[in-house]
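Novice: Have a look at the structure that comes next, please.
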């Protein structure tokens, strides 16, 4: 009886070795799969942190842009008022120049 077992083990030994070579990496992969999952989880957390920081910075930039646009709008209103004032002064100066020309011609023709 023990000889039969030895013969069976001797016959199966080459197959057991090849099965072990294939099966052992699978058990090691579970550990590396766990490490890969841990690494992926860490990367996901880092990405979420980066997205949060980017959102905060984007919000700050949007506020700065809104402030800058408000200042530009106020400056454009002031510039438009200054242009209207200069246009009125130019028209008054043109009218005075026309009146002076008319008076000069009237005085010269007399």
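Residue numbers (UniProt numbering): 1 to 110. All C-beta atoms, glycine included, are put in the ideal place defined by N, C-alpha and C.
Cα separation between residue 107 and residue 68?
Specialist: Reading the chain shown from its first residue, position 107 is the one you call residue 107. Reading the chain shown from its first residue, position 68 is the one you call residue 68. The straight-line gap from Cα to Cα measures roughly 57 Å.
Novice: For a test of the three-state rule: what should DSSP assign to residue 110, helix, strand or coil?
Specialist: Within the chain shown, residue 110 is the residue found at index 110, counting from 1. Three-state DSSP puts residue 110 in coil, outside helix and strand.
Novice: May I have the straight-line CA-CA distance separating residue 83 from residue 55, to the nearest angstrom?
Specialist: Here residue 83 is taken as the residue at index 83 of the chain shown, counted from 1. Here residue 55 is taken as the residue at index 55 of the chain shown, counted from 1. If you take the alpha carbons of residue 83 and residue 55, they lie about 41 Å apart.
Novice: Alpha carbon to alpha carbon, how far is residue 49 from residue 43?
Specialist: What you label residue 49 is simply residue 49 of the chain shown in a count that begins at 1. What you label residue 43 is simply residue 43 of the chain shown in a count that begins at 1. Approximately 10 Å, taken between the alpha carbons.
Novice: Where residue 75 and residue 110 are concerned, what is the direct C-alpha to C-alpha distance, given to the nearest angstrom?
Specialist: Walking along the chain shown from the start, residue 75 turns up at place 75. Walking along the chain shown from the start, residue 110 turns up at place 110. Straight-line Cα distance between these residues: approximately 52 Å.
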